[in-house]
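Q: Okay, here's the structure, questions in a sec.
Number of protein chains: 2
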Amino acid sequence: MTTVKYLAEPDLDKAHNFISSAVAQRDMIVMAVKCSVAYEGRGASRLGEGDRLVIVKPDGAVLVHRPTGYSPVNWQPDSHVITVEKQDGRILFRSVRKRPREVLEILISRVYFVVAIHGLLDDAEFIEYLDESEIADYLARHPDLIEEGLRVVRRERPVEGGYADIVAVDKQGRYVVIEVKRVTAGIDAVKQLHRYVEMFRKANAEAKVRGILVAPAITKDALSLLTSLGLEYKHVDVARIHKKAKQERRHSGSLSLLDFIGKRG
Amino acid sequence: MTTVKYLAEPDLDKAHNFISSAVAQRDMIVMAVKCSVAYEGRGASRLGEGDRLVIVKPDGAVLVHRPTGYSPVNWQPDSHVITVEKQDGRILFRSVRKRPREVLEILISRVYFVVAIHGLLDDAEFIEYLDESEIADYLARHPDLIEEGLRVVRRERPVEGGYADIVAVDKQGRYVVIEVKRVTAGIDAVKQLHRYVEMFRKANAEAKVRGILVAPAITKDALSLLTSLGLEYKHVDVARIHKKAKQERRHSGSLSLLDFIGKRG
DNA sequence: GCATCAATTTCGTCA
DNA sequence: TGACGAAGTTGATGC
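Listed below in structure tokens is the structure:
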């Protein structure tokens, strides 16, 4: 059963009592407040007084949001101890996390609104498509998209210090170490491929080993480094792969937006 | 002037009107709702029906939060077009972003609570301490903390494909490329330093070049790779540097937690 | 606008 | 639990 309690423009005494009991009951709490914020832990920060949205989740996660932007200005991923106390005509909301030790303090001077919701239930599955492993899976099943005649030896082959996405053999019998990226490949991707190729060469001293970086695009610097290292780049159209992969798995359940929502609604 | 409007357990017609007008007025909107979510854009995702907190900021940022965890399950950093329509006994909240084209759809089947706050004001400054550049700045001013007799040649020296944090000369006249990390250094940090050292060697063929990774800690694998590459590791106490740097700039204003909050309150 | 790098990154996964 | 790599990473800076 979901219950909702709220206060509009409460005085600080009332707000303090309300927030304290909501925290104790592990409610989802949302406050629009005027406050200052201080954080000490892995980093350290101070934020002067202003209007913010403060969210406290049932699991102790705390978020402080300014009126703009996607990301919270301060936060606590999960807090082990939350205390709410009156101090000097204000409310001091303090969230402490251990390991790593981090303290987030919100000094509230005014409460525009506060709402506490109890009993929110969410056990739905979250499904993501079009991630890197999905693309690598598809390419491993269809290596011709990378190079004609390629034969996949292994998917996610462990090499020292990581995993090569795909290891294959080309028409001339040479090993091909393949690194797949779903976004523009940068220097990091080249270094990663280079490292895997070197490790693979070390482990297979007699073999000829090529390295191919498969990505929808590559930065200029990365391409320059890649070629200077004797490695290769192969463009792939991610959207096309996503579409094809979707077709392949259409028997295992519909994935269209409306079908999905209709199924659950 | 800050104004607050809200509805508790409204029917969907009332909620639809309320949300529509709040979006039009660029209010900060917070809803506790039962909903399904679909996203298509750089990636793609589906989330079945469940209870969530939906936040719409005045700048068009949209966040969907489940009852647990720090991060939103779906979001839109800023949307150019937000539409709210009734559809089949539900509310379809749709946020579209262009460049990159991304669509976030929230299909709301029940509204537990919705609040719209108008006129939130937040122009306070956000100050961060203890970040990497601060540490590198301090070390560049006090290179003796890394090695006795070190003389700094340059801070943030551009090398091909990146920047070396510090370049110095040691007592024997050898170049020292220094990479600074403020958290435990991993394999990536080693690869980064190695790359800069190699590039620097290439550009200064005749010179002797050392490489030092400066960090509060280093992983076992990273240390192993580092030594095998002929590079060096130097431990630094980040907290101590932070403290000393704070002392150095104490003339430019107090930074203690209470002082800061007292100043603004 | 692109490229690069840090982040209180967060988040999964695997040894 | 620690280490390592990916992220719809985000965000800032330099060119």
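As they're listed, the protein sequences go chains A and B.
For the working numbering, count along the first sequence from 1 and bump the result up by 20.
For the working numbering, count along the second sequence from 1 and bump the result up by 20.
Glycine residues also receive a C-beta, built at the ideal position from the N, C-alpha and C atoms.
These numbers come from a predicted model, not from an experiment.
(1) Any chance the region 84-100 of chain A sits against the region 151-162 of chain B, with 3 or more Cβ pairs inside 8 angstroms?
(2) With three or more C-beta pairs closer than 8 angstroms as the rule, is the region 127-137 of chain A touching the region 236-246 of chain A?
(3) Beta carbon of Ile-128(A), beta carbon of Cys-55(A): below 7 angstroms?
(4) Is it the case that the region 209-228 of chain B contacts the region 172-192 of chain B, given that we only count it when at least three CB pairs across the two stretches are under 8 angstroms?
(5) Considering only residues of the region 58-98 of chain B, which uninterrupted beta strand (DSSP E) runs meet the minimum length of 3 residues and lie entirely inside it, listed in chain order?
(6) Tell me the start and end of each unbroken beta strand (DSSP E) in the region 172-249 of chain A that is at least 3 residues and wholly inside, in chain order.
(7) Please name the residue in Tyr-253(B), Val-203(B), Lys-228(B) and Val-43(B) whose C-alpha comes closest to that of Glu-105(B).
(8) So, with DSSP's three-state summary, where would you put Arg-114(A)?
(9) So, helix, strand or coil for Ile-49(B), using DSSP?
(10) With DSSP run on the structure shown, which of helix, strand or coil describes His-36(B)?
(11) Going by C-alpha to C-alpha distance, which of Leu-32(B), His-255(B) and Val-123(B) sits closest to Thr-204(B)?
(12) Out of curiosity, what's the CA-to-CA distance linking Val-229(A) and Glu-152(A)?
(13) List the residues of chain A whose Cβ lies closer than 8 angstroms to the Cβ of Ala-28(B), in chain order.
(14) Expressed to the nearest angstrom, what Euclidean distance is found between the alpha-carbon atoms of Ile-126(B) and Val-196(A)?
(15) Provide the residue span of the alpha helix (DSSP H) that contains His-262(B), from first to last.
(16) Checking contacts by CB at 7 angstroms: is Glu-152(B) closer than that to chain A?
(17) Please list, in chain order, the chain A residues whose beta carbon lies closer than 8 angstroms to that of Pro-97(B).
(18) Would you please verify whether the beta carbon of Ser-65(B) is less than 7 angstroms from any beta carbon of chain A?
(19) In or out: His-100(B) buried (at least 16 other Cβ within 10 Å) or exposed?
(20) Could you spell out where the beta strand (DSSP E) holding Ala-136(A) opens and where it closes?
(21) For Leu-159(A), does the three-state DSSP call read helix, strand or coil?
(22) Name, in chain order, the residues that DSSP records as bridge partners for Leu-27(A).
(23) So, is Ser-115(A) buried or exposed, given that buried needs 16 or more other C-beta atoms within 10 angstroms?
A: To lay it out plainly:
(1) no
(2) no
(3) yes
(4) yes
(5) 64-76, 82-85 and 94-96
(6) 182-189, 195-200 and 229-235
(7) Val-43(B)
(8) strand
(9) strand
(10) helix
(11) His-255(B)
(12) 24 angstroms
(13) Val-24 and Tyr-26
(14) 44 angstroms
(15) 258-268
(16) no
(17) Gly-89 and Tyr-90
(18) yes
(19) exposed
(20) 122-138
(21) helix
(22) Val-134(A)
(23) buried
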